[in-house]
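If you're matching positions, the sequence shown starts at 205 in our numbering and goes up one per residue. For reference, the structure is listed below as structure tokens.
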Amino acid sequence: MYSTSAYATSLRYLTRLSIFSKAKQGGIVGIALDSAYYEPYSKSSKDKAAAARLLDFNLGWFAEPLVYGRYPKSMRKLVKERLPNFSKEEKSLIKASFDYLGINYYLSLFAQNMRKRPTGILHHEVDSLALGVGVLQANDVKMPLAETLNDVHRIAYTLRHLNAIRKAIQ
205 MYSTSAYATS LRYLTRLSIF SKAKQGGIVG IALDSAYYEP YSKSSKDKAA AARLLDFNLG
265 WFAEPLVYGR YPKSMRKLVK ERLPNFSKEE KSLIKASFDY LGINYYLSLF AQNMRKRPTG
325 ILHHEVDSLA LGVGVLQAND VKMPLAETLN DVHRIAYTLR HLNAIRKAIQ
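The structure is reproduced here in structure tokens:
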């Protein structure tokens with residue numbers, strides 16, 4: 205069976221939710237998840253799909269059961285019967301059971317479609333048929349100092365990212 209960590213996390217969340225009574229306690233219920241964000245490595249449709257799959261296999265694995273009562277479509281398609289299923293009762297209890305959903309992100313990576321599934325590697329990215337890339341290049345000691353100090357690509361990305369955050373807040 206596929207890793208049950210997201211399934212177990214969802215059930216623990218339900219258990220705690222059942223203990224907490226909004227009516228008696230007068231509070232709100234929320235959950236914070238964290239995930240990297242994935243940009244396609246290239247403009248190819250395969251890399252774009254790989255970025256979406258990686259987001260599904262990282263954030264969607266935990267968030268979609270809470271929002272929709274099911275796992276992301278890409279996970280259901282690729283992982284199939286190894287993915288644990290929620291019972292009808294669990295789905296009805298967990299779906300939209302929160303007042304807010306927080307998303308923490310600390311890292312952005314490039315996503316590249318994997319040409320073939322590697323063997324002998326036990327990691328959820330193998331099932332996604334996508335691989336996050338980019339971190340090693342950032343720490344490449346062979347990169348010339350001038351490029352390190354004037355990293356146009358990362359500077360432009362950071363500016364676009366901060367601008368998007370500003371627009372979202374406004």
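Glycine included, every Cβ here is placed at the ideal spot set by N, Cα and C. If you're wondering where the values come from, they're calculated on a predicted model, not measured in any experiment.
In the structure shown, what three-state DSSP assignment does residue i receive?
i      : result
Met205 : Confidence in Met205 is poor, its pLDDT being 45 and thus under 50, which makes the residue's placement too unreliable to answer from.
Val260 : It is Asp, not Val, that sits at residue 260 in the sequence shown. Three-state result, Asp260: helix.
Ile298 : helix
Gln374 : coil
Thr362 : helix
Leu282 : helix
Ser214 : helix
Tyr304 : strand
Ile369 : helix
Leu237 : strand
Tyr272 : helix
Leu287 : coil
State buried or exposed for residue i, treating a residue as buried only when at least 16 other CB atoms are found within 10 Å of its CB.
i      : result
Pro269 : buried
Ser296 : exposed
Ser291 : exposed
Pro244 : buried
Asn262 : buried
Ala267 : buried
Suppose you measure from the CA of residue i to the CA of residue j; what does that come to, to the nearest Å?
i      : j      : result
Glu293 : Val356 : 52 Å
Leu258 : Ser312 : 12 Å
Met279 : Ala253 : 13 Å
Ser249 : Leu287 : 26 Å
Ala360 : Glu285 : 42 Å
Whole-angstrom Cβ separation of residue i and residue j, contact assumed at under 8 Å?
i      : j      : result
Asp251 : Gln316 : 6 Å
Asp238 : Tyr304 : 15 Å between Cβ atoms; not a contact.
Ile232 : Tyr217 : Going by Cβ atoms, the distance from Ile232 to Tyr217 rounds to 14 Å, so no, they are not a contact pair.
Trp265 : Tyr272 : Going by Cβ atoms, the distance from Trp265 to Tyr272 rounds to 12 Å, so no, they are not a contact pair.
Against chain B, with Cβ distances strictly below 7 Å, would residue i count as a contact?
i      : result
Ile307 : Among the chains in the structure shown there is no chain B, since it carries only a single protein chain.
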